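Residue numbers for the sequence shown follow this note's numbering, so the first one is 1 and each next one is one higher.
Here a beta-carbon is modelled for each residue, glycine too, at the ideal position from N, C-alpha and C.
Computed from a predicted structure; not experimentally measured.
Taking it in order: structure first as structure tokens, then the write-up.
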Amino acid sequence: MWFNPIMESLLRSPFHGMLSNNMMIIYYTGRKSGNAYHTPVSYQRLGNTLLTTSWKDRKWWKNLRQGGDVKLLLKGELVEAHAQVYEDETSVSEGLRQFVGGNPRAARMFKIDLREDGQLDPQSLQKAAGERVFISTALQ
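In structure tokens form, the structure reads like this:
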């Protein structure tokens, strides 16, 4: 993606504060090659767990299918964590529900409609879950 290098530069800079409340860089190892990789991702923090998601057609998350230790550049600090990928629609739906948490802006980002009562629309949630994977990262 053309904007990843720009996001990474900003997240590594002294100006990271304008992005790092919901963006981080995840560093991981290729499962076949053993090479080191990194990519910027959006996240939502719940205690010591960071929630993120990716489109199914992206490749980076496949390196974490079996779970894996990662490093995160989180709010300007390099921290260690353990990531686990969830691909089944039930888990992804629950992860998206936690990620969105009734936040209309986050719901729009995932194209999930909110009902009049503020709850997530089940049909648009299911559609979004079918297009994505969910990654839960536990800080160590």
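Residue i classed as buried or exposed, judged by whether at least 16 other C-beta atoms fall within 10 angstroms
{"i": "Arg115", "result": "exposed"}
{"i": "Tyr90", "result": "For the record, residue 90 in the displayed sequence is Thr; it is not Tyr. So Thr90 counts as exposed."}
{"i": "Asn21", "result": "exposed"}
{"i": "Trp55", "result": "exposed"}
{"i": "Ala36", "result": "exposed"}
{"i": "Ile135", "result": "buried"}
{"i": "Asn4", "result": "exposed"}
{"i": "Asn63", "result": "buried"}
Close-in-space but distant-in-sequence residues of the same chain around residue i (CB under 7 Å, 5 per side omitted)
{"i": "Leu120", "result": "Arg97, Val100, Ala107, Ile112, Leu114"}
{"i": "Ala138", "result": "Asn48, Thr49, Ala81, His82"}
Expected contact under 8 Å - CB spacing of residue i and residue j to nearest Å
{"i": "Val133", "j": "Val92", "result": "6 Å"}
{"i": "Val85", "j": "Arg58", "result": "The Cβ separation is near 11 Å, so there is no contact."}
{"i": "Ile26", "j": "Val79", "result": "Going by Cβ atoms, the distance from Ile26 to Val79 rounds to 11 Å, so no, they are not a contact pair."}
Identity of the residues DSSP links to residue i by a beta bridge
{"i": "Asp69", "result": "His82"}
{"i": "Thr90", "result": "Beta-bridge pairing links Thr90 to no other residue."}
Cβ-based neighbour list, residue i, same chain, cut-off 8 Å, excluding 5 preceding and 5 following
{"i": "Met18", "result": "Leu10"}
Residues of its chain near residue i, where Cβ-Cβ distance is below 6 Å and the 5 sequence neighbours each way are ignored
{"i": "Leu74", "result": "Met24"}
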